[in-house]
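Trainee: Below you'll find the structure I mean.
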Ligand SMILES: Nc1ncnc2c1ncn2[C@@H]1O[C@H](COP(=O)(O)OP(=O)(O)O)[C@@H](O)[C@H]1O
Ligand SMILES: [Mg+2]
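Residue numbers (this note's numbering), protein chains in the order written: chain F, 1 to 305; chain D, 1 to 211.
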């Protein structure tokens with residue numbers, strides 16, 4: 001975690017810019033949904049629709065497209081900056097350490113290679129996408145609360161119930177992730193020790209034993225890895241099915257409120273358009289947890305005080 | 001029986017020794033001393049069949065090719081080179097050994113008491129605990145490993161140089177017990193460890209000089 005803090009601190013500017021563009025891009029999306037709702041309301045009440053009114057969505061679409069592009073660009077850039085900080089900082093520490101402890105940089109580097117590569121790929125591929133999704137969920141929630149509090153609550157409560165299930169499953173997943181990581185470290189260590197002790201292995205005829213032991217470790221790791229894949233796909237399928245439930249409830253409750261005249265049809269449409277931003281963000285929390293856990297485990301493995 | 005005839009050895013481009021000859025009779029105990037870097041370990045590794053000589057011939061216990069020689073010798077090196085496995089596996093290296101023989105080996109190697117004091121005894125896993133092991137304990141496991149193989153020829157490469165006095169004494173005691181009746185070549189930088197040896201050589205400039 002210390003490493004992560006340093007990474008963020010060193011790249012404050014880029015991260016802030018990424019957050020800002022994400023904010024604008026998300027807001028333009030929200031207001032576009034709001035506009036559609038208003039349009040439906042106007043049609044419903046047979047209100048006159050002016051040309052200047054129709055110019056609004058054009059502006060919103062353009063600003064959304066532009067900021068989204070910009071945000072993706074900035075996001076990738078800051079991910080790359082962070083990854084760079086990580087690599088350079090780490091190489092520096094290794095150099096210092098190798099001269100002090102008289103071990104080779106190459107040896108230390110190869111030990112940490114796996115973890116570095118995975119942390120890098122996480123920063124590059126996953127971190128900003130998922131964080132962006134969570135961000136969108138938060139903005140959508142706030143926006144919907146301004147539209148109608150009751151309907152927002154009706155959408156959030158079942159989603160929260162599902163979140164509890166999701167948190168439970170992600171807990172379980174992250175435990176297995178750690179176990180799989182440890183198993184893998186164990187496997188690497190076994191291979192390394194065998195190479196180191198090769199003369200002894202040869203003299204005392206331990207080749208068979210080494211092969212067997214390594215295979216056992218490999219199987220152990222494979223078992224964990226397969227279990228991880230199986231469980232995560234099970235959890236994801238289940239949460240996929242459950243994720244439809246809030247929409248169903250929203251649709252039924254919302255239609256009822258429209259018929260009773262509590263809300264305008266446009267408001268329901270805003271909810272129907274934006275509900276996905278909210279539920280998707282929550283449904284993706286287990287992935288976010290699992291990936292983040294792998295990331296921090298990798299970081300802590302290469303953490304040097 | 002060990003016989004080296006006009007043996008030369010070169011690492012890629014660095015010649016370590018040239019035309020070295022030595023004859024060691026069965027049961028004889030030979031010590032080799034010499035400055036660090038003069039090639040003592042290289043000679044021992046050669047005799048162990050780990051390297052192939054650049055030229056010359058060596059006959060070790062009737063064998064003259066490295067793949068066969070390696071089966072005829074046991075080596076104890078400066079570092080014990082333990083594997084991330086159980087103590088038992090480190091000693092037997094996966095070969096079949098009777099419990100009685102193993103018990104006797106542990107006693108002779110001066111580690112029975114220590115192993116019995118471990119909660120999991122001889123099944124104790126040495127992977128993550130290898131660091132907690134003292135150098136003496138690790139080296140005595142290496143000796144037990146050699147006792148298991150139990151060859152006629154025993155090659156020792158500074159087996160106590162990394163140990164403090166007390167641990168070194170315990171390791172030497174185990175080695176003395178083990179060397180009875182064996183042909184021993186003992187490389188060391190401490191001459192006092194070679195008391196009672198039949199011959200002692202000083203290695204210098206790639207040659208062996210009888211002391
Ligand atoms: N694997 C190797 N490759 C190249 N040179 C080596 C290797 N091992 C040792 N040497 C060199 O061979 C010489 C003899 O080394 P060594 O047999 O370890 O000496 P000693 O055991 O007497 O200290 C040294 O100069 C050393 O640098
Ligand atoms: Mg040496």
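Just so it is clear, CB atoms sit at the ideal spot from N, CA and C, and this is done for glycine as well.
When you compare the CB positions of residue 79 of chain D and residue 187 of chain D, do they come within less than 8 Å of one another, or not?
Mentor: It is not a contact, given that the beta carbons lie outside the stated cut-off.
Trainee: Kindly say whether residue 208 of chain F, judged by its beta-carbon, lies nearer than 8 Å to any beta-carbon of chain A.
Mentor: Annotation note: the requested chain A is absent from the structure, which comprises protein chains F and D.
Trainee: Just tell me which of D:205, D:176, D:106, D:206 has its CA closest to the CA of residue 29 of chain D.
Mentor: It is D:176.
Trainee: Tell me which residues share the same chain as residue 268 of chain F and place their Cβ nearer than 6 Å to its Cβ, disregarding the 5 neighbours each side in the sequence.
Mentor: Cβ neighbours of residue 268 of chain F beyond the five flanking positions: 254, 258.
Trainee: When the Cα atoms are used, what is the spatial distance from residue 287 of chain F to residue 147 of chain D?
Mentor: Rounded to the nearest angstrom, the two C-alpha atoms are 54 Å apart.
Trainee: Report all residues from its chain with a CB closer than 6 Å to the CB of residue 152 of chain F; omit the five preceding and five following residues, and keep chain order.
Mentor: Cβ neighbours of residue 152 of chain F beyond the five flanking positions: 144, 145.
Trainee: Measuring only from the beta carbon, is residue 223 of chain F closer than 7 Å to any heavy atom that is part of ligand 2?
Mentor: Flag unset: Cβ of residue 223 of chain F not near ligand 2.
Trainee: Have a look at D:90, D:145, D:3, D:143 and flag the residue whose alpha-carbon is nearest the alpha-carbon of residue 26 of chain D.
Mentor: Taking only the C-alpha atoms, the option nearest residue 26 of chain D is D:3.
Trainee: To the nearest angstrom, report how far apart residue 312 of chain F and residue 281 of chain F are at their CA atoms.
Mentor: Look at the range of chain F in this structure, 1 to 305, and you will see that residue 312 of chain F is not part of it.
Trainee: Look up residue 2 of chain F in the DSSP assignment and say whether it is helix, strand or coil.
Mentor: Residue state, collapsed to three classes: helix.
Trainee: Alpha carbon to alpha carbon, what distance is there between residue 184 of chain D and residue 75 of chain D?
Mentor: For residue 75 of chain D and residue 184 of chain D, the distance between alpha carbons rounds to 10 Å.
Trainee: Report yes if the C-beta of residue 37 of chain D is less than 7 Å from at least one heavy atom of ligand 1; otherwise report no.
Mentor: Under cutoff, so the answer is yes.
Trainee: Can you say whether residue 305 of chain F is buried or exposed, counting buried as having 16 or more other CB atoms within 10 angstroms of its CB?
Mentor: Because the pLDDT at residue 305 of chain F is just 41, under 50, the model does not fix this residue reliably, and the point stays unresolved.
Trainee: Are residue 171 of chain D and residue 211 of chain D touching if we call contact CB-CB under 8 Å?
Mentor: Not a contact, by the Cβ cut-off of 8 Å.
Trainee: Look at the alpha carbon of residue 4 of chain F and the alpha carbon of residue 298 of chain F, and state the distance between them as a whole number of angstroms.
Mentor: Taking the straight line from one Cα to the other gives about 11 Å.
Trainee: Contact between the stretch 10-25 of chain D and the stretch 192-210 of chain F: three or more CB pairs below 8 Å?
Mentor: The stretch 10-25 of chain D, when compared against the stretch 192-210 of chain F, does not touch it at the 8 Å Cβ threshold.
Trainee: Within a Cβ cutoff of 6 Å, which residues of the same chain sit near residue 242 of chain F, ignoring the five residues on either side of it in sequence?
Mentor: These residues qualify, in order along the chain: 162.
Trainee: I'd like to know whether the C-beta of residue 204 of chain F is nearer than 8 Å to at least one C-beta of chain D.
Mentor: Taking Cβ atoms only, chain D reaches closer than 8 Å to residue 204 of chain F, which makes this a yes.
Trainee: Just how far apart, CA to CA, sit residue 209 of chain D and residue 161 of chain D?
Mentor: Cα-Cα distance, rounded: 22 Å.
Trainee: Can you pull the chain D neighbours of residue 194 of chain F, defined as C-beta to C-beta under 7 Å?
Mentor: Simply 83.
Trainee: Would residue 126 of chain D and residue 82 of chain D qualify as a contact pair, given that the criterion is a beta-carbon distance under 8 Å?
Mentor: Closer than 8 Å, so yes.
Trainee: Would residue 291 of chain F pass as a contact of residue 122 of chain F if the rule is Cβ separation under 8 Å?
Mentor: For residue 291 of chain F and residue 122 of chain F, yes; Cβs fall inside 8 Å.
Trainee: Indicate, with yes or no, if ligand 2 has a heavy atom lying under 7 Å from the CB of residue 208 of chain F.
Mentor: Because no heavy atom of ligand 2 lies under 7 Å away, the Cβ of residue 208 of chain F does not count as near it: no.
Trainee: Identify, in the order they occur along the chain, each residue of the same chain with its Cβ nearer than 6 Å to the Cβ of residue 57 of chain D, setting aside the five sequence neighbours on each side.
Mentor: Once the five neighbours on either side are set aside, the close Cβ partners of residue 57 of chain D are 5.
Trainee: With a cut-off of 8 Å, does the C-beta of residue 93 of chain D fall near any C-beta of chain F?
Mentor: So yes, residue 93 of chain D belongs to the interface.
Trainee: Name the chain F residues that come within less than 9 Å of residue 74 of chain D, Cβ to Cβ?
Mentor: Residues of chain F passing the Cβ test: 203, 204.
Trainee: Just to confirm before moving on: does the CB-CB distance between residue 108 of chain D and residue 174 of chain D stay below 8 Å?
Mentor: Result yes, Cβ atoms of residue 108 of chain D and residue 174 of chain D sit closer than 8 Å.
Trainee: From F:46, F:210, F:177, F:18, pick the residue whose C-alpha is nearest to that of residue 306 of chain F; which is it?
Mentor: Residue 306 of chain F falls outside the range modelled here, since chain F spans only 1 to 305, and no answer is possible.
Trainee: With a floor of 3 residues, list each beta strand (DSSP E) that falls wholly inside the stretch 66-149 of chain D, ordered by position along the chain.
Mentor: The stretch 66-149 of chain D contains these whole beta strand (DSSP E) runs: 73-76.
Trainee: Is residue 70 of chain D close to chain F, meaning its C-beta is less than 8 Å from at least one C-beta of that chain?
Mentor: Yes, because at least one Cβ of chain F sits closer than 8 Å to the Cβ of residue 70 of chain D.
Trainee: Could you pull the DSSP bridge partners for residue 199 of chain D from this structure?
Mentor: Beta-bridge pairing links residue 199 of chain D to D:30.
Trainee: Give a yes or no on whether 8 Å exceeds the smallest Cβ distance from residue 180 of chain F to chain D.
Mentor: By this cut-off, residue 180 of chain F is not an interface position.
Trainee: Applying the 10 Å Cβ sphere with the 16-neighbour rule, what's the burial state of residue 215 of chain F?
Mentor: So residue 215 of chain F counts as exposed.
Trainee: Taking Cβ positions only, does residue 173 of chain D come closer than 8 Å to chain F?
Mentor: It does not; no Cβ of chain F falls within 8 Å.
Trainee: Which of the three DSSP states is assigned to residue 1 of chain D in this structure?
Mentor: DSSP places residue 1 of chain D in coil when its eight states are reduced to three.
Trainee: Tell me the residue span of the alpha helix (DSSP H) that contains residue 55 of chain D.
Mentor: Note, residue 55 of chain D: premise wrong, no alpha helix (DSSP H); beta strand (DSSP E) at 55-60.
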